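With our numbering applied, the sequence shown covers 1 to 289.
One structure is given here, and the rest of the page talks about it.
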Amino acid sequence: MGSDCSGPEATRWGARHAGQHHVWTPARGQASPMTATPTTVRPSNPPIALAIAGSEASGGAGAQTDLKTFAQLGVFGCVSLTCIVSFDPKNDFAHRLHAIDPQVLADQIEAAVGVHGTIDAVKIGMLGTIPTIETVAGALEQYRFANVVVDPVLICKGQEAGAALDIDNALREKVLPYATITTPNLFETQVLAGVEEITTVDALKDAAKRIYDHGVPNVLAKAGTLLGTGTALDVFYDGQTLEVLEVPAIGQERVSGAGCTLAAAITAELAKGASPLDACRTAKDVVVS
């Protein structure tokens, strides 16, 4: 699959980028990871993006989709696998999740950084367990990546409600503070914003503002086709710009992996130096291309 960032080609990449680590400059009165701002570093050539995500056996979502999207947009992708997910066709396609040992996950992230030197953008996808979340949070604290896209997976099909709540809380407390941008779907937006339902565009705008107020500097609240607008509609907010992003809806069915593709495209564009808003605009077009 070419996702392990190893072999002669990766070695040449490592030599090319050796020593080009991001320099981190804390903001005045730094109180949390969100208040620190990395200095501007020219993207690698080609840019490098790391997906910290799960393997999804069908190839329609997860790390497989991330790598394909990175390549489509001219970005070199590498992966640190958090878990292996397979759908159970005998049980309404519930998720069967096998978590990767936390130390193995930490080793993968260490290897990606060690080989490439500079990681221009990171996408955080499926984490699934509290030890995994804690390992990823530790890596984000250690490496201080310049661009971090958190595509929160707050619950997956077949999960027990109590366990899901614990994981949701850990993700919000330990990983979300490192986000450059978060890309929650409609359900996840409701949870992160603390609202019971979102049925209108105005309500989606309000929810995006609420998530921003929790400290996330850029929010893309995704409704897709679920608001009945006849389009795939999301809302971007960064504290100043509030923009509705719409593209034509394709078909009537919800498609697995569309959210992964969108977040991966945002990650790729950030790796190339785009602003969060421009990255979101481009990503919307990528999904329907």
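Cβ coordinates follow ideal geometry from the N, Cα and C atoms, glycine included.
Predicted model, so just to flag it, every value in this text is computed and none were measured.
By DSSP's assignment, R172 forms no beta bridge with any residue.
Excluding the 5 residues flanking it on each side, S86 has same chain C-beta neighbours closer than 7 Å at A57 and R96, in chain order.
In the structure shown, the three-state DSSP call for E188 is helix. Following the DSSP letters along the chain, one finds H98 inside the beta strand (DSSP E) bounded by residues A94 to A99. Under the criterion of beta carbons closer than 8 Å, P152 and T182 qualify as touching, at roughly 6 Å.
Residue state for I109 is assigned as helix, using DSSP reduced to three classes.
Within the segment 213-287, the complete alpha helix (DSSP H) segments at least 4 residues long are 258-271 and 276-287, listed from N- to C-terminus. In this structure K209 is in contact with Y237, their Cβ atoms being roughly 6 Å apart against a cut-off of 8 Å. Using a C-beta cut-off of 8 Å, the segment 270-286 makes contact with the segment 69-83, since at least three inter-stretch Cβ pairs fall below that distance. Per the C-alpha coordinates, the member of V148, V115 and A137 positioned closest to A51 is V148.
N218 is classed as buried because its beta carbon has at least 16 other beta carbons within 10 Å across all chains shown.
For L81, the enclosing beta strand (DSSP E) starts and ends at F76 to D88. For G62, the uninterrupted alpha helix (DSSP H) run begins and ends at G62 to Q72, by DSSP. Per DSSP, reduced to three states, the secondary structure at L50 is strand. Residue burial is scored here from C-beta neighbours: V288 has fewer than 16 other C-beta atoms within 10 angstroms and is therefore classed as exposed. Boundaries of the alpha helix (DSSP H) harbouring V136: I130 to Y143, taken from the DSSP string. Residues K222 and G259 of the same chain have their beta carbon placed closer than 6 Å to that of N185, with the five preceding and five following residues left out of the count.
Excluding five sequence positions before and after T189, the CB atoms of its chain that fall closer than 6 Å to its own CB belong to A207 and A221, given in chain order.
Fewer than three beta-carbon pairs drawn from the segment 276-288 and the segment 123-142 are found closer than 8 Å, and the two stretches are therefore not classed as touching.
A check of alpha carbon separations from D107 across T82, N91 and G215 identifies T82 as the nearest. In the DSSP annotation of this structure, the continuous segment of the beta strand (DSSP E) that includes V149 starts and ends at V148 to V150. Residue environment: V104 is assigned as exposed (fewer than 16 neighbouring CB atoms within 10 Å of its CB, all protein chains considered). One thing to note: I211 has its Cβ within 8 Å of the Cβ of A193. Shown here, I198 sits in coil according to DSSP, grouped into three states, outside any helix or strand. The Cβ atoms of A264 and F70 lie closer than 8 Å to each other. For A121, the uninterrupted beta strand (DSSP E) run begins and ends at A121 to I124, by DSSP. For L154 and G125, the gap between their C-alpha atoms comes out near 10 Å. Note on geometry: alpha-carbon atoms of S55 and L277 lie some 28 Å from one another. Contact between V247 and V235 is ruled out by a C-beta separation of about 13 Å, above the 8 Å threshold.
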